[in-house]
Amino acid sequence: MAGRGRSRPNLLVTGTPGTGKTTTCSLLADATELRHINVGDLVRTKGLHDGWDEEFECHVINEDLVCDELEDIMVGGGIIVDYHGCDFFPECWFDLVVVLQTDNSILHDRLTSRGYMGPKLTSNIECEIFEVLLEEAEESYPEGIVMALQSDTVEDISRNVTVLTEWESNWRRRPSS
Numbered sequence: 022m023a024g025r026g027r028s029r030p031n032l033l034v035t036g037t038p039g040t041g042k043t044t045t046c047s048l049l050a051d052a053t054e055l056r057h058i059n060v061g062d063l064v065r066t067k068g069l070h071d072g073w074d075e076e077f078e079c080h081v082i083n084e085d086l087v088c089d090e091l092e093d094i095m096v097g098g099g100i101i102v103d104y105h106g107c108d109f110f111p112e113c114w115f116d117l118v119v120v121l122q123t124d125n126s127i128l129h130d131r132l133t134s135r136g137y138m139g140p141k142l143t144s145n146i147e148c149e150i151f152e153v154l155l156e157e158a159e160e161s162y163p164e165g166i167v168m169a170l171q172s173d174t175v176e177d178i179s180r181n182v183t184v185l186t187e188w189e190s191n192w193r194r195r196p197s198s
């Protein structure tokens, strides 16, 4: 069972690009003193990819290399993993999986301001419309550890950080099994 033997929980914060994952994770790390790991940054700095996808203008992540890189770190607990995918991480790593969701018109504006266009923009908007990442999380992790949170505004992000900070505090206070 996830969490057994750890004094701090591990969280996965996922969602379509532009939903506020990195902002939320950074603020949550500051509030809880959990360590924030942005998988996209890790892939770039450690070369954990199989090249560049020209159509989607991103690295082709090597999921095995990423999991190998994170495995020892995750055992100790106290980690917030920030990534737009979730189905390749071992289920036992996480005590909570958070899926951030954003209204499509807001998401469109955020992504176009980042320079997303063509297939990259369309694919990400469709992913959000069809709740692909929420479905992926619900299929990949045990019932009860997936939490969907709306992330449209600064107020939403602030509220989400408060909710997650309280969750982390309650997790630490739970009786040991």
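Start counting the sequence shown at 22; every next residue gets the next number (our numbering).
We treat Cβ as the ideally placed atom computed from N, Cα and C, and that holds for glycine.
It should be emphasised that the depicted structure is a prediction, and the values quoted were computed from it without experimental measurement.
Taking the CA atoms as reference points, Leu128 sits about 6 angstroms from Gly39. Taking a contact as a CB-CB distance under 8 angstroms, the pair Thr45 and Val182 counts as one, their CB atoms being some 6 angstroms apart. Excluding the 5 residues flanking it on each side, Trp114 has same chain C-beta neighbours closer than 6 angstroms at Asn31 and Met95, in chain order.
Under the three-state reduction of DSSP output, Cys107 falls in the coil class, being neither helix nor strand. If you look at Arg56, you'll find it in the beta strand (DSSP E) that goes Arg56 to Asn59.
Between Leu170 and Leu121, the C-beta gap is smaller than 8 angstroms, which places the two residues in contact. Three or more Cβ pairs closer than 8 angstroms define a contact, and the segment 135 to 152 meets that threshold against the segment 63 to 81.
In this structure, Ile101 lies near Val34, with their beta-carbon atoms less than 8 angstroms apart. Here the segment 64 to 73 makes contact with the segment 81 to 89; the two share three or more CB pairs at distances below 8 angstroms.
Close CB contacts of Ile178 within its chain, under the 8 angstroms cut and outside five residues either way in sequence, are with Gly41, Thr44, Thr45, Leu48 and Ser172 (chain order). Under the three-state reduction of DSSP output, Asp116 falls in the coil class, being neither helix nor strand.
The beta carbon of Glu152 sits closer than 8 angstroms to the beta carbons of Gln122 from its chain, once the five residues preceding and following it are set aside; these are given in chain order. It is roughly 10 angstroms from the alpha-carbon of Pro163 to the alpha-carbon of Asp116. Counting every other CB atom within 10 Å of its CB across the protein chains shown gives Phe109 a total below 16, marking it as exposed. Straight through space, the alpha carbons of Ala52 and Thr174 are spaced by roughly 19 angstroms.
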